[in-house]
Amino acid sequence: MCSEPFTNHWNSGTYDDKLNLVAELGGGALFLLQPRPGERILDVGCESGDLTAKIAAAGAIATGLDLSEEMVKRARQHLPRH
1 MCSEPFTNHW
11 NSGTYDDKLN
21 LVAELGGGAL
31 FLLQPRPGER
41 ILDVGCESGD
51 LTAKIAAAGA
61 IATGLDLSEE
71 MVKRARQHLP
81 RH
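So for the sequence shown, the UniProt record's numbering puts the first residue at 1; every next one is plus one.
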């Protein structure tokens, strides 16, 4: 058991520029998910919020969750709170 607090220091700028896998594959996930207006969807590991924004654009009530505070900050820039 570890007594150290968990920290996750993703560099959100580098992620957006070089590692944005979810944004590239998000169309397929969105097709499989088929979000409906008013449906509540939790995006666990939302990263920079690209898929969360697409879910919300489809009319669903999207909530993004990520362990990295930097990624959550980036997601908030992409998707203002409703």
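Even for Gly, the Cβ is constructed at its ideal location relative to N, Cα and C.
Quick caveat: nothing in here was measured; it's all calculated off a predicted structure.
DSSP, reduced to helix, strand and coil, places Leu30 within a helical segment of the structure shown. Residue burial is scored here from C-beta neighbours: Lys54 has at least 16 other C-beta atoms within 10 angstroms and is therefore classed as buried. Around the beta carbon of Glu69, fewer than 16 other beta carbons lie within 10 angstroms, which makes this residue exposed.
Classified as buried, Leu51 has 16 or more neighbouring CB atoms from the shown chains inside 10 Å of its CB.
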